[in-house]
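Numbering (my numbering), first residue to last: 4 to 299.
Set out below in structure tokens:
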């Protein structure tokens, strides 16, 4: 007697999968709008328009389409906080001294101090810190989180000092300062929140891969935001003696290197590796069409 026929697994239409991902992004966008209302002085500038919240939510949802809005919460909170910090550093602060003071206040919170009274920047950061500290993986990854914050803050301060002094960095110096993008800080925040266990392996290799992905996204951003950077007075790789073709070629080289670093992570850290690779690929498509920031 032959074995009974087994029903083949149902094939979920691609449109249904995309619909679910967009629904998660919609929930995240509403969350972001709520956070902006909770920390109002940090997000009251015109460029924090509805499309910024929408596109940031889409970026995380499509990077981890297997994750729920709750599981992507910290990634979105950390990302939105970084946009608030970036705005203060690049446009609201009037001098490197003011930037260093912003960074000092944030470092204190990262190290466990209470936020400054009435300061939405440090209040939001303290709330993120406290959520992360409750996660099982924070014991293993808390030091990495603090280190990634320090790298980001140092890079942001360095760029502010270049700008104030009228220094034009070399292309290599600029790319070496890619920590100012904040991707690695946000990713480590997400990793802590989604690990679900105190047992974390491959921390150094995962962070090296994140920093490699960060360099790719740094250049993808510059290719996509050249006109805005010109108008807003920002640094951009294309202003540093390299052509669009040369930067595009280096993006391909750096992306290949990043994939080489991501591949061996998958046996122990598949979701982390997949999330980073999908974020890199999402940005490759996104920056061909648009930018996150609204207009001034």
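The C-beta atom is built at its ideal place from N, Cα and C for all residues, glycine as well.
The residues 265, 268, 269, in chain order, have a CB closer than 6 Å to that of residue 276 in the same chain once the five nearest residues on each side in sequence are set aside.
Shown here, residue 49 sits in coil according to DSSP, grouped into three states, outside any helix or strand.
When Cβ pairs closer than 8 Å are counted between the two stretches, the segment 219–229 is seen not to touch the segment 107–123, the count staying below three. Approximately 5 Å separates the beta-carbon atoms of residue 140 and residue 195; this is inside 8 Å, confirming the contact. Spanning the alpha carbons of residue 273 and residue 202 requires a straight line of approximately 15 Å. The C-beta of residue 280 has 16 or more other C-beta atoms within 10 Å across all chains shown, which makes the residue buried.
Exposure of residue 52 is indicated by the presence of fewer than 16 other C-beta atoms within 10 angstroms of its C-beta. By the Cβ criterion, the segment 164–173 is not in contact with the segment 182–192, since fewer than three pairs of Cβ atoms, one from each stretch, lie closer than 8 Å. DSSP places residue 44 within a helical segment (H, G or I) once states are collapsed to three. Just measuring C-alpha positions, the residue of 178, 124, 41 sitting nearest residue 112 is 124. If you draw a 10 Å sphere on the C-beta of residue 291, you find fewer than 16 other C-beta atoms in it, and that means exposed. The Cβ neighbour count for residue 182, taken over all protein chains shown within 10 Å, is at least 16; the residue is labelled buried.
In the DSSP assignment, residue 230 falls within the alpha helix (DSSP H) that extends over 229–235. Taking C-beta atoms as the reference points, residue 31 and residue 87 fail to come closer than 7 Å.
Relative to the Cα of residue 185, the nearest Cα in the group 92, 278, 85, 118 belongs to 85. Excluding residues up to 5 positions away in sequence, 135, 136, 195 lie with their Cβ nearer than 8 Å to the Cβ of residue 145 in the same chain. Counting the other Cβ atoms within 10 Å of the Cβ of residue 199 gives fewer than 16, which makes it exposed. Per DSSP, residue 278 is one residue of the alpha helix (DSSP H) stretching across 269–289. In this structure, residue 271 sits away from residue 197, with a CB-CB distance that is not shorter than 7 Å.
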